[in-house]
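Reading through the structure tokens given below for one structure.
Structure representation (structure tokens):
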């Protein structure tokens, strides 16, 4: 299973502060590649007695059923580990409908791992969250992410492809979330412990 490893810091800022930071990025002359995306995440949750160490989510980028991903993320010693696998819309629907046996022993290790965790920790679809993001990629291996909107659907759902009936804004009016991520390259001996070579790294969802 391939992992992206990184450190992360985040804070809430005003729109005015966002404009100042953007101007400073220009003034410093660093080259950033900017991408604006919407991201929908449906996080799986366990029961109170079986907390999973890692978070598993089904994600859809830009409202496109052709851009659906399974994401695993956890934190260890302050470092984030994230693995992402692109899946089809049909595979996503099978998971949401509770058709899971096809993932058992799957050659793609993230799917096999997800099946084990669903079984052991009694995971099920939980909360739906929509993000409106501006991602600034640096050639130096770090990202500055401005999240302009975060809306969470009310209640538990297994509907990734449908609009929630009610949403609650997670950011106050005039506020944004800024996140700084810096990639970390593990020493080779440790990298082999976490990363297998059977899968190619997938497109990142920051």
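In my numbering, the protein residues as written are 11 to 216.
Idealized CB from N, CA, C, for every residue including glycine.
Only a predicted model underlies this, so the values are computations on that prediction, with no experimental measurement involved.
Along the chain, where does the alpha helix (DSSP H) containing residue 146 start, and where does it finish?
If you look at residue 146, you'll find it isn't in any alpha helix (DSSP H); it sits in the beta strand (DSSP E) that goes 134-148.
In terms of residue numbering, what span does the alpha helix (DSSP H) encompassing residue 195 cover?
Here residue 195 belongs to no alpha helix (DSSP H), and DSSP marks it neither H nor E.
Going by C-alpha distance, which of 32, 26 and 22 is nearest residue 146?
32
To which residues of the same chain is residue 56 closer than 6 Å at the C-beta, ignoring the five residues directly before and after it?
62, 131, 132 and 133
With DSSP as the reference, label residue 175 as helix, strand or coil.
coil
Counting Cβ pairs, one atom from each stretch, are 3 or more of them under 8 Å apart for the region 106-117 and the region 152-159?
no
8 Å is my cut-off, CB to CB: does residue 152 come that close to chain C?
The question asks about chain C, but that chain is absent: this structure has only one protein chain.
Out of curiosity, what's the CA-to-CA distance linking residue 41 and residue 149?
Here the C-alpha atom of residue 41 lies approximately 7 Å from the C-alpha atom of residue 149.
Could you tell me which of 92, 128, 96 and 91 sits nearest to residue 109, measuring between CA atoms?
128
Just the Cα atoms here: how many angstroms apart are residue 80 and residue 86?
Residue 80 and residue 86 have their C-alpha atoms some 20 Å from each other.
I need the straight-line Cα distance from residue 293 to residue 138, nearest angstrom please.
Residue numbering for the chain in the displayed model covers 11 to 216; residue 293 lies beyond these limits and cannot be assessed.
Between the Cα of residue 160 and the Cα atoms of 187, 169 and 100, which residue gives the shortest distance?
The residue with the shortest Cα to Cα distance from residue 160 is 187.
Counting C-beta neighbours from all protein chains within 10 Å, is the total for residue 14 16 or more, i.e. buried, or is it exposed?
buried
With a 10 Å radius around its C-beta and 16 neighbouring C-beta atoms as the bar for buried, classify residue 170 as buried or exposed.
buried
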